[in-house]
Amino acid sequence: MHSAAAPHAPLVQVGKADVSAEDVLAVARGNARVEIGPDALAEMAAARARIDALAAEPRPVYGVSTGFGALAVRHISPELRAQLQRSLVRSHAAGMGPAVEREVVRALMFLRMKTLASGRTGVRPLVAQTMAAILNADITPVVREFGSLGCSGDLAPLSHCALVLMGEGVATGPDGVEKPAGELLAAAGIEPVELLEKEGLALINGTDGMLGMLVMAIADLQRLFTTADITAAMTLEALLGTDKVLAPELHAPIRPHPGQALSAANMLAVLKGSGLTGHHQDDAPRVQDAYSIRCAPQVAGAGRDTLAHAQLVASRELAASVDNPVVLPDGRVESNGNFHGAPVAYVLDFLAIAAADLGSISERRTDRLLDKARSHGLPAFLADDPGVDSGLMIAQYTQAALVSENKRLSVPASVDSIPSSAMQEDHVSMGWSAARKLRQAVDNLGRILAVELTAAARALEIRQQADSGGRVAPATAAAMAAAREAGVGGAGRDRFLSPDLEAAAALVASGALVKAVEQVTGPLA
Numbered sequence: 101m102h103s104a105a106a107p108h109a110p111l112v113q114v115g116k117a118d119v120s121a122e123d124v125l126a127v128a129r130g131n132a133r134v135e136i137g138p139d140a141l142a143e144m145a146a147a148r149a150r151i152d153a154l155a156a157e158p159r160p161v162y163g164v165s166t167g168f169g170a171l172a173v174r175h176i177s178p179e180l181r182a183q184l185q186r187s188l189v190r191s192h193a194a195g196m197g198p199a200v201e202r203e204v205v206r207a208l209m210f211l212r213m214k215t216l217a218s219g220r221t222g223v224r225p226l227v228a229q230t231m232a233a234i235l236n237a238d239i240t241p242v243v244r245e246f247g248s249l250g251c252s253g254d255l256a257p258l259s260h261c262a263l264v265l266m267g268e269g270v271a272t273g274p275d276g277v278e279k280p281a282g283e284l285l286a287a288a289g290i291e292p293v294e295l296l297e298k299e300g301l302a303l304i305n306g307t308d309g310m311l312g313m314l315v316m317a318i319a320d321l322q323r324l325f326t327t328a329d330i331t332a333a334m335t336l337e338a339l340l341g342t343d344k345v346l347a348p349e350l351h352a353p354i355r356p357h358p359g360q361a362l363s364a365a366n367m368l369a370v371l372k373g374s375g376l377t378g379h380h381q382d383d384a385p386r387v388q389d390a391y392s393i394r395c396a397p398q399v400a401g402a403g404r405d406t407l408a409h410a411q412l413v414a415s416r417e418l419a420a421s422v423d424n425p426v427v428l429p430d431g432r433v434e435s436n437g438n439f440h441g442a443p444v445a446y447v448l449d450f451l452a453i454a455a456a457d458l459g460s461i462s463e464r465r466t467d468r469l470l471d472k473a474r475s476h477g478l479p480a481f482l483a484d485d486p487g488v489d490s491g492l493m494i495a496q497y498t499q500a501a502l503v504s505e506n507k508r509l510s511v512p513a514s515v516d517s518i519p520s521s522a523m524q525e526d527h528v529s530m531g532w533s534a535a536r537k538l539r540q541a542v543d544n545l546g547r548i549l550a551v552e553l554t555a556a557a558r559a560l561e562i563r564q565q566a567d568s569g570g571r572v573a574p575a576t577a578a579a580m581a582a583a584r585e586a587g588v589g590g591a592g593r594d595r596f597l598s599p600d601l602e603a604a605a606a607l608v609a610s611g612a613l614v615k616a617v618e619q620v621t622g623p624l625a
């Protein structure tokens, strides 16, 4: 089969062994080429032989010679089984709403291909090889926002992908233009697949969509938690706070939460060499900084530990071969409930809670920077001429709106269940919905932190201009320089503010802010 992928693109080989989160990211976001290893092809062929044997038997076998879901009571005669597979995929491709992002579809397809390659599903090697060819040709099935209940896996989203393997439905090509799938396959030299017994069901019966989104959310949140430590340190410095609360002996030795110690260490590294910290006893003396400053490591650290738990769940699911029925190593074909998305759905919801709280404490720090009564000498709203200028007043409004939105998005989806399939599927996970709202929450969190970055950088610049007791820390200076280079303006008269905030958001999203700071501090956690 012809592959239109760039010849020098990185390669991910899928074998019998587990794929990694890095493999998923390489395919979904890095356009890596994929191929199926010889060990996996051999395992698939052996499992397929078992399915062919069962298909020839007179007794009904679920998924091989029966209908599906509530219709599993009907035994399907051999001459109707190819039609059964086509009908399954066509009828289950029932999604509605906007098309989901290309990276989500690529992750979903790659993870389903990984399960097919495990040999536990009983499909022919040809099916997985065709899926690899479609990925390599940069053909992306159009998957709709709504349709998955996260039980029996992500049925509707996966069905839209399976439809494209059959040469039906719609997809986008390398140019991003939506076209009939048959045209795109023909242009790439890919032959559509005629599905045989069990293959339609194996293509659609997995948790791949929600898992792919979990893997990508984890990667994004790892960057954002480090970013939050940087912006929190900048705010502490701008408010002339004390860094004594970040001392290592106050964390792991007496409260051994790993994430808390990591966040405190990050903040301490960013503040190293600052001449502004420790002035909390000067003109407006205070014994302790406010919770949003002093407890930053505790809140961000709790989120980090939540993230570590989500990574554990993701690693287990990446090692899974989710299908029903499944071909066991001893040749038995057994029904099971492994397609239920509860394990993934729970951590997707848990991460949305952590993201909402991290954004909430960031907004409280920003508000403190802008409030003349609590900012320890900074001008109201960091304005050049308060009253004439409004400074960052409305930037905080925008940040507050994002925080409020994330609070709504933190309401768990996994506590809901709507029975389906004539009460056969009477308890569902809603994991796809949990993943979709987490993606929005993560995007919002990046923007929330971008507003804090904008405010803290401006506040520190004002401190420097006023010669308020010392120079900023070298790492802080690097963050400020990166912001200015990215187009985030400094102190001065009011100007069109939206482009500054969008520039800050792009700096955070790209990871360039963390990289700039790490040039001074070395690697941060």
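The number in our numbering is simply the position in the sequence shown, starting from 1, with 100 added. Every residue, glycine too, gets a C-beta built ideally from N, C-alpha and C. Keep in mind the model is a prediction, meaning the values are calculated, not measured.
One or two residues paired with residue i in a DSSP bridge
| i | result |
| --- | --- |
| M196 | F246 |
| I136 | V114 |
| P486 | D489 |
| P241 | A271 |
| E434 | V426 |
| S635 | With the chain covering only 101 through 625, there is no way to say anything about residue 635. |
Close Cβ partners of residue i (< 6 Å) along its chain, the five nearest in sequence each way excluded
| i | result |
| --- | --- |
| A575 | V370, V617, V620 and T621 |
| C261 | M209 and P241 |
| A128 | E203, R206 and A207 |
| P479 | P486 |
| R571 | G375 |
Rounded C-alpha distance that separates residue i from residue j
| i | j | result |
| --- | --- | --- |
| A317 | L311 | 10 Å |
| E349 | V399 | 18 Å |
| A625 | Q360 | 11 Å |
| W532 | E122 | 21 Å |
| L509 | A145 | 44 Å |
| D485 | G491 | 8 Å |
| P353 | A365 | 13 Å |
| L50 | L418 | The question about residue 50 has no answer, for the chain in this structure spans 101 to 625. |
| P356 | G401 | 11 Å |
| E157 | A142 | 24 Å |
| D254 | S187 | 17 Å |
| S165 | T230 | 24 Å |
| A577 | V277 | 44 Å |
7 Å Cβ shell around residue i - same chain, five flanking residues per side excluded
| i | result |
| --- | --- |
| V161 | L154 and V433 |
| R148 | G222, V223 and R224 |
| T240 | R202, V205, R206, A271 and T272 |
| I453 | S510 |
| T466 | Q496, Q499, V551, E552 and A555 |
| S252 | N305, F439 and E525 |
| A109 | N131, A132 and R133 |
Beta-carbon gap between residue i and residue j smaller than 9 Å
| i | j | result |
| --- | --- | --- |
| M367 | L339 | no |
| R593 | A557 | no |
| K116 | G219 | yes |
| E245 | A199 | yes |
| R135 | A232 | It should be noted that the sequence gives Glu, not Arg, for residue 135. Yes. Within cutoff. |
| V528 | L249 | yes |
| M196 | D308 | no |
| M213 | A535 | no |
| L407 | L451 | yes |
| G163 | N436 | no |
| S363 | R323 | no |
| L303 | R563 | no |
| S460 | N506 | yes |
| A606 | E561 | no |
| M266 | V293 | yes |
Residue i in three-state terms, based on DSSP
| i | result |
| --- | --- |
| E525 | strand |
| E294 | coil |
| V620 | helix |
| P178 | helix |
| A271 | strand |
| P280 | strand |
| V413 | helix |
| P353 | coil |
| P358 | helix |
| T554 | helix |
| T498 | helix |
| T327 | helix |
| T166 | strand |
| A606 | helix |
| L339 | coil |
| A473 | coil |
| E201 | coil |
Residue-level contact to chain B via CB, residue i, 9 Å cutoff
| i | result |
| --- | --- |
| Q322 | Protein chain content of the structure displayed is limited to a single chain, and chain B is not contained in it. |
Residues near residue i by beta carbon distance below 8 Å, same chain, minus five either side
| i | result |
| --- | --- |
| V614 | R323, T326, T327, I330 and L624 |
| A319 | A121 and L125 |
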